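Novice: Numbering (full-length UniProt numbering), first residue to last: 1 to 351. Glycine included, every Cβ here is placed at the ideal spot set by N, Cα and C. Fair warning: this is a prediction, and the values are worked out from it, not measured in the lab.
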């Protein structure tokens, strides 16, 4: 189990250009596997075009209280990148004036940003209809200053999307660290206690499953039933939906694939179950990702690979919705992860 980020360890894979080099060469350069561009060209789906903006996904910092094995952000306690209040104000102006109806806050642990609550309170005033916070759950139990987060979320009708690798202690702690499972269960019970996830409740509580190894997630509907039964039987926990998300071969998961000698097999697996129907609804077509320092990306994964939007509007300070709409989405081989099987996005399957 990792205790430091790749950046802190001085790993080559902490550099985005090194990751892109790996994804661009080897089996893709030799033609053993088709590049993602070539694959979507077979079905006349290149280039992928941005549609009307619906979701602003804002990464408010890479700081986190966990160091998870699969993390594509390479987040951790040693990451100090954090969004400032000035950048948040620029984001608020965009929220007010854009056509986006959903604000999706992510990290790291977004709650660790010292201006997190201020940002939530200010954003709640500008008419967002769906307000998402992506929580790792354990942050709620990490420190007394976070204990009231369930009540805070409830006050602002925040849609809580929480990481939960498995309904068993062993598999969860293997991926996320010792003690994570027990803290996650406690946090879920506290969210239930204020009304989150309960039948008929408008306080949305969804869970996210990521595979713990070099394999793809199973059927989302079947997994949701298993999760619901196990968590209710063992802990009395209720939640609304389970999102099964494919791990993309970047950052720490790419490091794991290479170290375990599973990289090529995993890429073969992604390409073999490529689904052209999933391309139509990939999240980058209606989502804009904003980094902690205000730069614009097609998705959170491109943000981590430092692949900016293909537009003259590249920073929140120069945001122009007209320029961004209809742009060509920037792609590389990691995009196979979002188009494998039923597809994958931050909202679960897409096809």
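Pick out whichever of 188, 212, 214 has its Cα sitting closest to the Cα of residue 206.
Specialist: As a working mapping, residue 206 is identified with position 206 in the chain shown. It is 188.
Novice: Report the three-state DSSP secondary structure of residue 104 (helix, strand or coil).
Specialist: Here residue 104 corresponds to residue number 104 of the chain shown, with the count starting at 1. In this structure, residue 104 counts as strand in the three-state DSSP scheme.
Novice: In the DSSP assignment, find the unbroken alpha helix (DSSP H) run with residue 227 in it and report its ends.
Specialist: Residue 227 sits at position 227 when you count from the first residue of the chain shown. Counting along the chain, the alpha helix (DSSP H) containing residue 227 begins and ends at 220 to 235.
Novice: Are the beta-carbon atoms of residue 133 and residue 94 separated by less than 8 Å?
Specialist: Taking the chain shown and counting its residues from 1, the one referred to as residue 133 is at position 133. Taking the chain shown and counting its residues from 1, the one referred to as residue 94 is at position 94. The answer is no: Cβ separation not under 8 Å.
Novice: Enumerate in chain order the residues of its own chain whose CB-to-CB distance from residue 317 is below 8 Å, with the five nearest sequence positions on each side excluded.
Specialist: Here residue 317 refers to the residue found at position 317 when the chain shown is read from its first residue. Only 90, 294 meet the Cβ criterion.
Novice: Taking the C-alpha atoms as reference points, what is the distance between residue 218 and residue 339?
Specialist: The sequence position of residue 218 within the chain shown is 218, counting from 1. The sequence position of residue 339 within the chain shown is 339, counting from 1. Rounded to the nearest angstrom, the two C-alpha atoms are 14 Å apart.
Novice: To which residues of the same chain is residue 12 closer than 8 Å at the C-beta, ignoring the five residues directly before and after it?
Specialist: In the chain shown, counting from the first residue as 1, residue 12 sits at position 12. Excluding five sequence positions before and after residue 12, the CB atoms of its chain that fall closer than 8 Å to its own CB belong to 18, given in chain order.
Novice: Taking one C-beta from the stretch 61 to 81 and one from the stretch 276 to 289 each time, how about it: are there three or more such pairs within less than 8 Å?
Specialist: no
Novice: Pick from 211, 298, 297, 232: whose alpha carbon is nearest that of residue 256?
Specialist: In the chain shown, the residue the question calls residue 256 occupies position 256. It is 211 whose Cα lies nearest to the Cα of residue 256.
Novice: For the beta strand (DSSP E) that residue 209 lies in, which residues bound it at each end?
Specialist: Reading the chain shown from its first residue, position 209 is the one you call residue 209. Unbroken beta strand (DSSP E) run through residue 209: 205 to 209.
Novice: Mind checking residue 119: buried by the 16 CB within 10 Å criterion, or exposed?
Specialist: Position 119 of the chain shown, counted from the start, is the residue given in the question as residue 119. Buried is the call here.
Novice: Once DSSP output is grouped into helix, strand and coil, what is the label at residue 175?
Specialist: Locating residue 175 in the chain shown gives position 175, counting from the first residue. If DSSP states are grouped into helix, strand and coil, residue 175 belongs with the helices.
Novice: Out of 22, 308, 342, which has the shortest C-alpha to C-alpha gap to residue 331?
Specialist: Numbered from its first residue, the chain shown carries residue 331 at position 331. With distances taken between Cα atoms, residue 331 lies closest to 308.
Novice: In angstroms, rounded to a whole number, what distance separates the CA positions of residue 153 and residue 198?
Specialist: The residue labelled residue 153 in the question sits at position 153 within the chain shown. The residue labelled residue 198 in the question sits at position 198 within the chain shown. Going by the C-alpha atoms only, they are around 15 Å apart.
Novice: List, from N- to C-terminal side, the alpha helix (DSSP H) runs of 4 residues or more that fit wholly inside the stretch 37 to 70.
Specialist: The qualifying runs do not exist here; there are none.
Novice: From which residue to which residue does the beta strand (DSSP E) around residue 27 run?
Specialist: Locating residue 27 in the chain shown gives position 27, counting from the first residue. It is not in any beta strand (DSSP E) - residue 27 carries neither H nor E in the DSSP assignment.
Novice: How many angstroms separate the CA atom of residue 327 from the CA atom of residue 115?
Specialist: As a first step, residue 327 is located in the chain shown; it is residue number 327 there, counting from the start. As a first step, residue 115 is located in the chain shown; it is residue number 115 there, counting from the start. C-alpha separation (whole angstroms): 32 Å.
Novice: Can you find the residues in the same chain that come closer than 8 Å, C-beta to C-beta, to residue 232, ignoring five residues on each side of it along the sequence?
Specialist: The residue labelled residue 232 in the question sits at position 232 within the chain shown. Cβ within range, chain order: 238.
Novice: Of the choices 72, 21, 278, 311, whose alpha-carbon is the least far from that of residue 45?
Specialist: Numbered from its first residue, the chain shown carries residue 45 at position 45. Of the listed residues, the one whose Cα sits closest to residue 45 is 278.
Novice: With a cut-off of 8 Å, do at least 3 Cβ pairs link the stretch 130 to 146 to the stretch 105 to 115?
Specialist: Contact between the stretch 130 to 146 and the stretch 105 to 115 is present, because at least three Cβ pairs lie under 8 Å.
Novice: Leaving aside the five residues before and after residue 323 along the sequence, list all residues of the same chain whose C-beta is less than 6 Å from its C-beta, in chain order.
Specialist: By one-based count along the chain shown, residue 323 stands at place 323. 311, 312, 313.
Novice: Can you find the residues in the same chain that come closer than 7 Å, C-beta to C-beta, to residue 270, ignoring five residues on each side of it along the sequence?
Specialist: Locating residue 270 in the chain shown gives position 270, counting from the first residue. Closer than 7 Å at Cβ, skipping near neighbours: 336, 337, 340.
Novice: How many Å lie between residue 179 and residue 143 at the Cα?
Specialist: Position 179 of the chain shown, counted from the start, is the residue given in the question as residue 179. Position 143 of the chain shown, counted from the start, is the residue given in the question as residue 143. If I take the Cα positions, the gap works out to 15 Å.
Novice: Does DSSP classify residue 251 as helix, strand or coil?
Specialist: Here residue 251 refers to the residue found at position 251 of the chain shown. DSSP places residue 251 in helix when its eight states are reduced to three.
Novice: Assign residue 307 to one of three DSSP states: helix, strand, or coil.
Specialist: The residue you call residue 307 lines up with position 307 of the chain shown. Looking at residue 307 - three-state DSSP - the assignment turns out to be coil, as it is neither helix nor strand.
Novice: With residue 16 and residue 306 assumed to form a contact (beta carbons below 8 Å), what rounded beta-carbon distance in angstroms separates them?
Specialist: Here residue 16 corresponds to residue number 16 of the chain shown, with the count starting at 1. Here residue 306 corresponds to residue number 306 of the chain shown, with the count starting at 1. About 4 Å; that satisfies the 8 Å criterion.
Novice: Roughly how many whole angstroms lie between the Cα atoms of residue 104 and residue 158?
Specialist: Along the chain shown, one-based indexing puts residue 104 at 104. Along the chain shown, one-based indexing puts residue 158 at 158. Going from the Cα of residue 104 to the Cα of residue 158 covers about 10 Å.
Novice: Using alpha carbons as the reference points, say which of 113, 149, 96, 263 lies closest to residue 124.
Specialist: Your numbering for residue 124 matches position 124 in the chain shown. Ranking 113, 149, 96, 263 by Cα distance to residue 124 puts 96 first.
Novice: Please state if the CB of residue 102 and the CB of residue 130 are separated by a distance shorter than 8 Å.
Specialist: Here residue 130 corresponds to residue number 130 of the chain shown, with the count starting at 1. Here residue 102 corresponds to residue number 102 of the chain shown, with the count starting at 1. Their beta carbons are under 8 Å apart, which means residue 130 touches residue 102 by this criterion.
Novice: Can you tell me which of the three DSSP states residue 97 falls into?
Specialist: Position 97 of the chain shown, counted from the start, is the residue given in the question as residue 97. Three-state DSSP puts residue 97 in a helix.
Novice: Smallest Cα separation from residue 55: which of 253, 333, 334, 298?
Specialist: Along the chain shown, one-based indexing puts residue 55 at 55. Of the listed residues, the one whose Cα sits closest to residue 55 is 298.
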